[in-house]
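A.B. asks: Numbering (the working numbering), first residue to last: 10 to 157.
All residues carry an ideal CB built from backbone N, CA and C; glycine is no exception.
Handing you a structure now.
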């Protein structure tokens, strides 16, 4: 699948999720999804405002709706602003490095062997607690090379 066809698939899937809740896939929502799909890391609202060329009120309002339908995920950060990225359904399974200095968030993937070990450890923990998991996320906190 080409990058262009993947992007169109993301747009089609987001449009479908919005339609299921009687919401439209507006120009502003499409612009936000396009910006997030083109990134390799989660973005703050000011970064989204600048990249999508939308007013901040529109960005906040549309992010809330995209988050509500499960297309976008809000990530806490050490900064004043949270960061946003496409949901795992669209971006693939990954984890995060959070810089406690500048607040930036970086994506990373674990090797298959580490994911398998995590799945095993998680299964043992949730079985003992009678918990039914729906997924997992690893967040490592520290300082990026620019803040060290």
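Between the C-alpha atoms of residue 11 and residue 89, what's the straight-line distance to the nearest angstrom?
C.D. replies: 36 Å
A.B. asks: Give me the DSSP bridge partner(s) of residue 108.
C.D. replies: Under DSSP, residue 108 takes part in a beta bridge, and its partners are 151.
A.B. asks: Enumerate, from N- to C-terminal direction, the unbroken alpha helix (DSSP H) stretches of 4 or more residues contained entirely within the region 92 to 144.
C.D. replies: Complete alpha helix (DSSP H) runs here, min 4: 97 to 100, 121 to 138.
A.B. asks: Of the residues 44, 129, 156, 157, which one's Cα is nearest the Cα of residue 144?
C.D. replies: Closest by C-alpha distance to residue 144, out of 44, 129, 156, 157, is 129.
A.B. asks: Please work out which residues of its chain come closer than 7 Å, Cβ to Cβ, to residue 152, disregarding the five sequence neighbours upstream and downstream, and give them in chain order.
C.D. replies: Hits under 7 Å: 108, 109, 110.
A.B. asks: Would you mind working out which of 77, 94, 61, 78 sits nearest residue 85, comparing C-alpha positions?
C.D. replies: 94
A.B. asks: Could you tell me which residues DSSP pairs with residue 81 in its beta bridges?
C.D. replies: 95
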